[in-house]
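Okay, so the sequence shown: first residue is 1 according to UniProt numbering, each after it adds one. A virtual CB, placed ideally from N, CA and C, is assigned to each residue, including glycine. Presented below is the structure to which this report refers.
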Amino acid sequence: MSLSQVSPDSVTRGQFESRAVAVKRLLPECFTFADREVSLLRESDEHANVVRYFCTEQDKQFRYIALELCAATVQDYVENRFNAAGMISPTEILRQATAGLQHLHSLDIGNFKLSYLSLALCCSH
């Protein structure tokens with residue numbers, strides 16, 4: 001996995017096995033949270049409407065989580081910072097988000113923060 005210079009607890013583009021990914025970099029005080037997040041991702045990432053988990057790596061300072069690289073957030077879409085012309089409608093975003101939530105709830109995964117900031121638009125499915 002390769003990672004460009006970013007601030008702690010942030011997400012940036014990276015590479016994993018020749019694939020573009022989002023790399024989440026976490027400080028040691030967040031490792032317990034990261035372990036829980038990775039566990040939930042492993043359990044739920046087979047659904048088309050849940051972000052894919054690829055791997056976790058760690059060095060002396062940080063833990064890195066490689067995730068599916070998404071095109072934008074729903075916030076980007078709503079604020080017209082992402083040109084989705086012809087790609088997806090608001091109704092389809094809602095349908096896919098609901099399907100992803102239904103899958104998470106079917107696995108008894110339900111205690112998470114959900115907002116337009118945490119909903120991602122992925123073009124790889």
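Look at the beta carbons and you see the segment 49-58 touching the segment 87-101: at least three pairs across the two are nearer than 8 angstroms. Around the CB of Gly86, fewer than 16 other CB atoms lie within 10 Å, so the residue is classed as exposed.
With a cutoff of 8 angstroms on beta-carbon distance, Leu67 and Ala22 are scored as near each other.
Linking Arg13 to Leu94 through their CA atoms gives a straight-line distance of about 26 angstroms. The Cβ neighbour count for Lys60, taken over all protein chains shown within 10 Å, is under 16; the residue is labelled exposed. Residue pairing of Ala120 in beta bridges, as defined by DSSP: Thr73.
If only complete runs of 3 or more residues are kept, the segment 45-111 shows the beta strand (DSSP E) at 53-58 and 63-68, in order along the chain. Under the DSSP definition of a beta bridge, Ala22 partners with Arg13 and Leu67.
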